[in-house]
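S.K.: Count the sequence shown with my numbering and you get residues 40 to 243, in order.
Beta carbons: idealized from backbone N, C-alpha and C, even for Gly.
In this text the structure is predicted, and so the values were computed from the model without any measurement.
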Amino acid sequence: MQLRPAKFDVIPLECKRVVVLAQSPLDQSPRMVAQAWMLAEAGAEVHFVAFGNAKDFPVSHPRIHLHAVAGACRDTVAGTGWPLLRAVTRTLGMIRQLRRMLRAACEDADLLLAQLPPVLTGLWLTTRQGIPLVIDWHNLSAPMAALKLGPGHLAVRLLERMETVIARRAQGHFAVTKAFAEYLSIRFGRPVQVLPDRPSLNRY
Numbered sequence: 040m041q042l043r044p045a046k047f048d049v050i051p052l053e054c055k056r057v058v059v060l061a062q063s064p065l066d067q068s069p070r071m072v073a074q075a076w077m078l079a080e081a082g083a084e085v086h087f088v089a090f091g092n093a094k095d096f097p098v099s100h101p102r103i104h105l106h107a108v109a110g111a112c113r114d115t116v117a118g119t120g121w122p123l124l125r126a127v128t129r130t131l132g133m134i135r136q137l138r139r140m141l142r143a144a145c146e147d148a149d150l151l152l153a154q155l156p157p158v159l160t161g162l163w164l165t166t167r168q169g170i171p172l173v174i175d176w177h178n179l180s181a182p183m184a185a186l187k188l189g190p191g192h193l194a195v196r197l198l199e200r201m202e203t204v205i206a207r208r209a210q211g212h213f214a215v216t217k218a219f220a221e222y223l224s225i226r227f228g229r230p231v232q233v234l235p236d237r238p239s240l241n242r243y
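1. Using the rule of at least 16 other Cβ atoms within 10 Å of the residue's Cβ for burial, across every protein chain shown, is Q232 buried or exposed?
2. Determine the extent of the alpha helix (DSSP H) in which I174 is found, giving its start and end residues.
3. Less than 7 Å between C-beta atoms, sequence neighbours within five positions excluded: which residues of the same chain meet that for L179?
4. Among the candidates H212, D236, F219 and P101, whose CA atom is the shortest distance from the CA of R229?
5. What's the gap between the Cα of D175 and the Cα of A209?
6. Which same chain residues, not among the five before or five after A148, have their C-beta less than 8 Å away from its C-beta?
7. Straight-line CA distance for L188 to C54?
8. What is the rounded straight-line gap between the Cα of W76 and the Cα of A181?
9. Please report the distance separating the alpha-carbon of L141 from that of S63.
10. So, under 8 Å CB-CB, L60 and V98 are touching, yes? Tell me the CB distance rounded to an integer number of Å.
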């Protein structure tokens, strides 16, 4: 997938340092990869942070620097009979890696472009990194959690509150469709720009 490049043309990007955070595996983030590519082509120095192995990153560009967060602690607890323990241990290990990589990637950064959901890492970034944040909304965390937990669950209400906080602190918002952009704009009281995907025959 490739994105329409005109949306970034209004931002002077030469010699800027931009962090792109894809909160998903490298091989499942075509939209964020496309955005990183466009930013680099526009002259920005891009630090791309995502989960997975570096070999899964589908592009090569001299101004894109990859920070791949591997599946931490998977092997150390794989032999236990406690799936929840394995999941928690692995998640904590990945959070530690992510925090370390973000410190390096966000140092002297001019802009952070983050994929949401999930919302937790994005909220931490807005409060700790101190750089302008732009959110690329792929979905909403709270409704997704409500499908499993029910709309009245405490975790769902917490996610909904956190999404509202992070949305109102961000300096910019993207959404893939006009309908979703209008919904987000009404819900959060912020302008949301439509940034559609489109099929492309050209590889990066």
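M.R.: Reading off the structure:
1. Translated into positions along the sequence shown, residue 232 becomes position 193. Exposed.
2. Residue mapping note: residue 174 aligns to position 135 of the sequence shown, counting from 1. Looking at the DSSP string, I174 is not in any alpha helix (DSSP H); the run it does join, the beta strand (DSSP E), is L172 to W176.
3. Within the sequence shown, numbered from 1, the residue matching residue 179 stands at position 140. If we look at L179 and ignore the five residues flanking it on each side, its Cβ neighbours are P156 and E202.
4. Counting from one through the sequence shown, the residue named residue 229 turns up at place 190. When each option's Cα is compared against that of R229, the closest is H212.
5. Locating residue 175 in the sequence shown gives position 136, counting from the first residue. Locating residue 209 in the sequence shown gives position 170, counting from the first residue. The alpha-carbon atoms of D175 and A209 are separated by roughly 11 Å.
6. To locate residue 148, count along the sequence shown from 1; it is residue 109. Answer for A148: R56, V57, V58, H86, Q168 and I170, listed in chain order.
7. As a working note, residue 188 is residue 149 in the sequence shown. As a working note, residue 54 is residue 15 in the sequence shown. Approximately 46 Å between the Cα atoms of the pair.
8. Taking the first residue of the sequence shown as 1, we reach residue 76 at position 37. Taking the first residue of the sequence shown as 1, we reach residue 181 at position 142. If you take the alpha carbons of W76 and A181, they lie about 30 Å apart.
9. On the sequence shown, residue 141 is found 102 positions in, with the first residue counted as 1. On the sequence shown, residue 63 is found 24 positions in, with the first residue counted as 1. So the alpha carbons of these two residues sit roughly 15 Å apart.
10. Counting from one through the sequence shown, the residue named residue 60 turns up at place 21. Counting from one through the sequence shown, the residue named residue 98 turns up at place 59. About 17 Å; that fails the 8 Å criterion.
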